[in-house]
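Protein chains in written order, with this note's numbering: chain A, 32 to 292; chain B, 451 to 580. Here's the structure we're looking at; comments come further down.
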Amino acid sequence: MKERTVQLEVLRYNPDTDTEAHFQRYEVVCQEEWVVLDALNKIKADIDPTLNYRWSCHMAVCGSCGMMINGEPKLSCHAFLRDYEGVIRVEPLAHFPVERDLVTAPDDFMEKLKRVKPYVIPKEKKPISEGEYKQTPAQLMKFRQYSMCINCMLCYAACPQYGLTPSFIGPAALTLAHRYNQDSRDGGRMARQEVVATHEGVWECTFVGACSEVCPAQVDPASALQQMKITSSLDWIVEHLIPGGRSAGDAASREDAVDKS
Amino acid sequence: MSRKPLVRECPPTTWYFRQPRYLRYMSREITSIFVGAYCVLLVVGLQRLADGPTAWEGFLLALKSPASIVFHFLALVAAVYHAATWFNATQKAMPLQIGESFVPGNLISGAHYAAWAVLSCVVLYLAGVF
Numbered sequence: 032m033k034e035r036t037v038q039l040e041v042l043r044y045n046p047d048t049d050t051e052a053h054f055q056r057y058e059v060v061c062q063e064e065w066v067v068l069d070a071l072n073k074i075k076a077d078i079d080p081t082l083n084y085r086w087s088c089h090m091a092v093c094g095s096c097g098m099m100i101n102g103e104p105k106l107s108c109h110a111f112l113r114d115y116e117g118v119i120r121v122e123p124l125a126h127f128p129v130e131r132d133l134v135t136a137p138d139d140f141m142e143k144l145k146r147v148k149p150y151v152i153p154k155e156k157k158p159i160s161e162g163e164y165k166q167t168p169a170q171l172m173k174f175r176q177y178s179m180c181i182n183c184m185l186c187y188a189a190c191p192q193y194g195l196t197p198s199f200i201g202p203a204a205l206t207l208a209h210r211y212n213q214d215s216r217d218g219g220r221m222a223r224q225e226v227v228a229t230h231e232g233v234w235e236c237t238f239v240g241a242c243s244e245v246c247p248a249q250v251d252p253a254s255a256l257q258q259m260k261i262t263s264s265l266d267w268i269v270e271h272l273i274p275g276g277r278s279a280g281d282a283a284s285r286e287d288a289v290d291k292s
Numbered sequence: 451m452s453r454k455p456l457v458r459e460c461p462p463t464t465w466y467f468r469q470p471r472y473l474r475y476m477s478r479e480i481t482s483i484f485v486g487a488y489c490v491l492l493v494v495g496l497q498r499l500a501d502g503p504t505a506w507e508g509f510l511l512a513l514k515s516p517a518s519i520v521f522h523f524l525a526l527v528a529a530v531y532h533a534a535t536w537f538n539a540t541q542k543a544m545p546l547q548i549g550e551s552f553v554p555g556n557l558i559s560g561a562h563y564a565a566w567a568v569l570s571c572v573v574l575y576l577a578g579v580f
């Protein structure tokens with residue numbers, strides 16, 4: 032099996048002893064087909080057991096091993112060593128506080144995720160005896176792409192708006208709001224608009240588009256956010272410029288009526 | 451165990467040098483300055499027109515100056531680039547679903563380019579170019 036020697040420059044931070052982070056260089060003998068995560072595992076096993084980082088599935092599904100690799104947000108299990116030349120610089124995800132080494136604190140994201148109510152809020156409750164809420168394949172396709180998010184937070188690390196304005200709800204959470212807004216079983220758009228259609232919501236987005244470029248699940252958060260801007264604008268027009276115009280909640284009801292027709 | 455997370459600030463004025471995609475974004479945003487400046491120029495032109503024939507002739511003469519021609523060239527390049535980025539964005543902002551599948555994004559953007567070309571021809575026709 033072909034081997035290659037790789038140099039990794041890894042950001043280290045120990046909250047018990049450090050006030051600043053620093054880079055530490057490791058030279059690792061790797062297999063040709065390894066990814067950055069394999070090299071980190073090799074370092075931890077054979078060179079430096081004090082190195083900290085998160086990972087779980089090693090197959091780009093769990094979203095745990097997001098890091099900055101040469102300045103680009105990547106899943107380290109999805110970043111092949113053969114695609115890099117020279118020293119590979121590995122840092123924790125940008126825009127998140129560093130807990131220790133490559134481990135970041137996701138608290139802010141988790142809190143924002145809750146705020147957008149990322150679950151189906153049934154538009155009409157019915158007893159279990161009446162059976163399941165049915166959905167056509169076309170209705171499923173309307174939101175399926177946006178349900179593929181693995182919460183890896185790469186989009187937050189790529190988004191300069193989130194870096195500059197941490198109160199921004201951010202790409203993944205807003206995309207999940209869109210995912211449920213688009214669900215034919217859902218009636219919770221009005222409740223989500225209180226978070227979505229605000230300065231901290233979609234209007235903080237300036238369509239840099241980096242979120243969609245780095246997404247490992249091809250979710251396209253930039254598309255979701257632009258669609259929500261249009262919907263929010265239409266809500267405003269209906270409410271403020273059309274005589275007798277109705278509120279966002281009524282607009283939601285009207286959309287539902289269109290869906291049913 | 452107490453936590454002492456390290457916050458690494460995003461540099462407020464130099465962040466866009468970190469990635470080529472950020473520079474592309476900033477170049478797109480900066481084109482709006484030229485688009486805005488051209489709008490101001492049009493408003494000034496309307497004001498000169500309202501001021502009478504002498505003022506209008508002076509305005510036309512100023513448009514023929516080298517500085518004006520350079521500005522118009524830059525504004526045209528910026529406006530075309532701005533429009534192209536806008537039309538390319540339409541496929542993300544307005545995805546079109548027919549049945550279970552989505553219309554390819556390049557068709558949506560392409561339709562906008564086609565409409566742009568047709569409308570430009572109409573404007574040129576109304577302006578008496580052909």
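The beta-carbon is built from N, C-alpha and C at its ideal position, and this holds for glycine as well. Here the structure is a predicted model, which means the values were calculated and not measured.
Using a CB distance cut-off of 8 Å, residue 241 of chain A counts as an interface residue toward chain B.
Residues 495, 498 of the same chain have their beta carbon placed closer than 7 Å to that of residue 509 of chain B, with the five preceding and five following residues left out of the count. Bounds of the alpha helix (DSSP H) holding residue 260 of chain A are 252-271. For chain A, the residues of the segment 539-550 of chain B that bring a beta carbon within less than 7 Å of one of its beta carbons are 539, 542, 543, 545, 547, 549, 550, in chain order. Taking a cut-off of 8 Å on C-beta distances, the segment 242-255 of chain A touches the segment 181-191 of chain A, as three or more cross pairs fall below it. The beta carbon of residue 134 of chain A sits closer than 8 Å to those of 83, 84, 85, 123, all from its chain and outside the five residues before and after it, given in chain order. With the rule of 3 Cβ pairs closer than 8 Å, the segment 136-154 of chain A counts as touching the segment 191-210 of chain A. Taking 8 Å as the cut-off between beta carbons, the residues of the segment 236-266 of chain A near chain B are 237, 238, 239, 240, 241, 243, 244, 251, 253, 254, 257, 258, 260, 261, in sequence order. Inclusion of residue 201 of chain A and residue 165 of chain A in the CB contact set at 8 Å is not warranted, their separation being larger than that value. The three-state secondary structure of residue 150 of chain A, taken from DSSP, is coil. Within the same chain, 217, 218, 219, 222 come within 7 Å of residue 152 of chain A by CB-CB distance, once the 5 residues on both sides are set aside. 8 Å or more divides the Cβ of residue 485 of chain B from the Cβ of residue 517 of chain B. Residue 456 of chain B is a Cβ neighbour of residue 44 of chain A, given a cutoff of 8 Å.
In the structure shown, residue 47 of chain A adopts coil according to DSSP, grouped into three states. Under the Cβ distance rule, residue 531 of chain B does not count among the residues neighbouring chain A, no pair being separated by less than 8 Å.
Taking a beta-carbon distance threshold of 8 Å, residue 232 of chain A does not count as an interface residue toward chain B. When 8 Å is used as the limit between beta carbons, residue 44 of chain A is near these residues of chain B: 456, in chain order.
At a Cβ-Cβ threshold of 8 Å, residue 232 of chain A and residue 125 of chain A do not count as neighbours. Within chain B, the C-beta atoms nearer than 9 Å to that of residue 173 of chain A come from 547, in chain order.
If you draw a straight line from the Cα of residue 93 of chain A to the Cα of residue 270 of chain A, it is about 42 Å long. Rounded to whole angstroms, the gap between the alpha carbons of residue 519 of chain B and residue 213 of chain A is 49 Å.
52: these are the residues of the segment 47-66 of chain A whose beta carbon lies less than 7 Å from some beta carbon of chain B, given in chain order. Contact of residue 465 of chain B with chain A by beta-carbon distance below 9 Å involves 191, 194, 195.
Listed in chain order, the non-local C-beta contacts of residue 552 of chain B below 8 Å within the same chain comprise 545, 546, local neighbours out to five positions each way being set aside. Rounded to whole angstroms, the gap between the alpha carbons of residue 274 of chain A and residue 268 of chain A is 10 Å.
Around the beta carbon of residue 57 of chain A, a 10 Å sphere encloses 16 or more other beta carbons of the protein chains shown; the residue is thus reported as buried. Pairwise C-beta distances place the segment 169-188 of chain A in contact with the segment 91-107 of chain A, as three or more of them are shorter than 8 Å.
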